[in-house]
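The C-terminal residue of the sequence shown carries number 1493 in this note's numbering, and the numbering is unbroken. These notes are about the structure you will find just below.
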Amino acid sequence: MFPRISDLLNSLFKSEWSIPLSTYKFFLITAFLAAGIIVYLELSRKEKLGEIPANSSKETLFAMLLAVVFGLLGARILSALEYLDEFVDKPGAGFFLRNGQSFYGGLILASITILLYARYRKVHYTHAMDIAAPAIAIGYAVGRMGCHLSGDGCWGVENTAVKPAWLGFLPDWAWACSYPHNALQSGILMPGCISDHCHVLPNPVYPTSLYESMIAFILFLILWEFRKRIKIAGLLMIICILSLSASRFLIEMIRINPRYELAGFQFSQAQIISMVIFLFSIPGAILLILRSFKDSTS
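And the structure:
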């Protein structure tokens, strides 16, 4: 793994750079930049179509700053709630210093903030949602890749099973990864290692952050391809939400996270939120479709 971005660059280009920037933070910044570009392109396109007020694209930078600030805040808040015992024991370290952040916490608070700002700028919430959908997907894809490459602890349960023959095309590390030199410094010491990060997991695990990144990138390609074909405003975001919540629920089955008792079953916090979001999104999609049908026939 590559705790610092220079570790990744040196591995790729056989160089000897030393850049004191963590790989996770680099990909987090890149994720917001990628999302910002998508938002700007979609704002510009919808301006030309007359679906949103003119000059809305000029608000891209401020809107993204709002998303960054409140997204990071929401991610930290929900992460602190997920590891409440750690937060109560050490409030400062639990909230500001702990590795890992909650995607849903960031998504929820950033979305509420952006929708309120869109209303202030007189951009209808359905168009704001559709503009944000591909941006969320590409941002999530890039951010999760940063989690994987840095080895920040967002991995799955142990996987000592033999890779199935039908997955023969996958490299071994995509099936089971030991995360050598991980940024979390979790596991056992690597013999002969003299770097700042010399730990490797004793047993390989499912690289779940890699799976999430791949799923989110495929989702982005689908949303980007169909964004002009879907004529029902708001439906693009519903598709995005349903896809991400369903995939996150399934991925959580092989992830390491605290579990909670619910209706006789054990669920992680992310699974519970996924179920709630998924179930609420279905009637939302139905209402959007019915409203569009009513408008077309009136």
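Don't be surprised by glycine CBs; every beta carbon is placed ideally from N, CA and C.
Assigned secondary structure, residue i (DSSP; H/G/I helix, E/B strand, else coil)
i	result
R1316	coil
G1295	Because G1295 carries a pLDDT of 47, less than 50, the predicted location of this residue cannot be relied on, and the following value inherits that uncertainty. Three-state result, G1295: coil.
E1246	coil
R1240	helix
C1342	helix
L1216	coil
E1254	helix
L1483	helix
E1211	coil
V1263	helix
S1204	Reading off the sequence, residue 1204 comes out as Leu, not Ser. Residue state, collapsed to three classes: helix.
V1234	helix
H1392	coil
I1427	coil
L1379	coil
G1301	helix
V1352	coil
V1357	coil
G1289	Caution applies to G1289, whose pLDDT of 45 falls short of 50 and renders its modelled position unreliable; the value that the coordinates give is listed next. Looking at G1289 - three-state DSSP - the assignment turns out to be helix.
Spatial distance of residue i from residue j (CA atoms)
i	j	result
A1327	L1276	26 Å
F1291	R1271	Residue placement at F1291 is flagged as unreliable, the pLDDT there being 43, under the threshold of 50; a coordinate-derived value is accordingly withheld.
F1444	H1322	27 Å
N1205	D1391	15 Å
E1447	S1476	20 Å
A1458	M1385	43 Å
R1199	E1254	33 Å
S1463	A1428	32 Å
F1208	I1214	14 Å
G1300	W1419	25 Å
F1460	L1244	48 Å
I1417	G1231	18 Å
P1248	V1318	7 Å
I1410	L1439	8 Å
T1355	K1489	55 Å
L1273	T1492	44 Å
C1435	L1396	34 Å
F1421	W1368	33 Å
L1431	W1361	33 Å
R1454	L1311	33 Å
R1486	K1426	12 Å
L1405	M1340	6 Å
S1210	G1387	21 Å
F1415	F1222	17 Å
I1484	A1371	42 Å
Beta strand (DSSP E) segment containing residue i, residue limits
i	result
F1462	1460–1463
Y1455	1454–1457
Residues near residue i in its chain [Cβ-Cβ closer than 8 Å; skip 5 each side]
i	result
L1203	F1197, T1218, L1344
L1302	G1266, G1269, I1331
S1239	S1252
A1262	F1227, A1230, A1305, T1308, I1309
Close-in-space but distant-in-sequence residues of the same chain around residue i (CB under 7 Å, 5 per side omitted)
i	result
I1449	G1351, V1352, Y1401, T1403
G1295	With a pLDDT of 47 at G1295, under the threshold of 50, the modelled position of this residue cannot be trusted; read the value that follows with caution. Correct list, in chain order: S1274, D1347, G1348, C1349.
N1398	E1353, T1355
A1313	Y1320, A1323
Q1233	For the sequence presented, residue 1233 should be read as Ile rather than Gln. Here the set comprises P1329, A1330, I1333.
L1474	none
Residue i beta carbon near the ligand GTP (any heavy atom closer than 7 Å)
i	result
I1433	Among the components modelled here there is no ligand, and therefore nothing to report on the ligand GTP.
For residue i, the first and last residue of its enclosing alpha helix (DSSP H)
i	result
C1435	1430–1446
E1420	1403–1421
A1369	1367–1370
Residues near residue i by beta carbon distance below 6 Å, same chain, minus five either side
i	result
A1480	I1433
R1293	Note on R1293: pLDDT 44, under 50, position unreliable in the model; no value is reported.
Below-8 Å beta-carbon distance, residue i vs any chain B residue
i	result
G1479	As a matter of chain content, chain B is missing from the structure shown, which is built from one protein chain.
Segment contact flag, the region 1342–1359 with the region 1379–1395, C-beta cutoff 8 Å, min 3 pairs: yes
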